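Chemist: Numbering (this note's numbering), first residue to last: 982 to 1143. Using N, Cα and C, we set each Cβ at its ideal position, and we do this for glycine too. Every value quoted in this text rests on a predicted model; they were computed, and no experiment measured them.
1) Just checking my contact of residue 1039 with residue 1074 at CB under 8 Å: how many whole Å lie between their CB atoms?
2) Just how far apart, CA to CA, sit residue 1106 and residue 1006?
3) I need the DSSP call for residue 1081, collapsed to helix, strand or coil.
4) Could you tell me the alpha carbon to alpha carbon distance between residue 1077 and residue 1059, rounded to whole angstroms?
5) Specify the secondary structure class of residue 998 as computed by DSSP and reduced to three states.
6) Does DSSP classify residue 1076 as helix, strand or coil?
7) What's the call for residue 1013, buried or exposed, on a 16-neighbour Cβ count within 10 Å?
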């Protein structure tokens, strides 16, 4: 799985709908009680020590906005930002969970959502690697028919054209 993700991570982000599908799955009704902590930006002024514990705050709405604006050059950077959401919550809430029930709940939700995210990313990387493979086969077939290589918007790295 890690090798497949490493291969996909370097690919230019061309399938925004598939990426949106991951975010939709995170926000699904069955996960909402856990996910609701992570949809909007953290109010840093209300959380003592947050700025010291978290170098780069990020939330699901910021990731979705970045996706819409083309801020992610490849799948790896998109995946990294999604993981950072829950890593930040674990980093901040982990040390505080024993003393505060709200931190305990937020920590449990972050761990739950991190596991959900990993399952979604596993599915997404399978789909992306299959699409990349199909595109490469199509390119090789086109080459056999006299096409030449050029860069294009196909999920693979190059596409054959005549």
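Modeler: This is what the structure holds:
1) Taking the chain shown and counting its residues from 1, the one referred to as residue 1039 is at position 58. Taking the chain shown and counting its residues from 1, the one referred to as residue 1074 is at position 93. Actually they are not in contact, since the Cβ atoms of residue 1039 and residue 1074 sit about 15 Å apart, beyond 8 Å.
2) Position 125 of the chain shown, counting from 1, holds the residue named residue 1106. Position 25 of the chain shown, counting from 1, holds the residue named residue 1006. Whole-angstrom Cα-Cα distance: 15 Å.
3) Sequence index remark: in the chain shown, residue 1081 carries index 100 (1-based). Looking at residue 1081 - three-state DSSP - the assignment turns out to be coil, as it is neither helix nor strand.
4) As a working note, residue 1077 is residue 96 in the chain shown. As a working note, residue 1059 is residue 78 in the chain shown. When rounded, the distance between both Cα atoms is 28 Å.
5) Within the chain shown, residue 998 is the residue found at index 17, counting from 1. Of the three classes helix, strand and coil, the one that applies to residue 998 here is helix, per DSSP.
6) Looking up residue 1076 in the chain shown gives position 95. Three-state result, residue 1076: helix.
7) As a working note, residue 1013 is residue 32 in the chain shown. Residue 1013 is exposed by the Cβ-count criterion.
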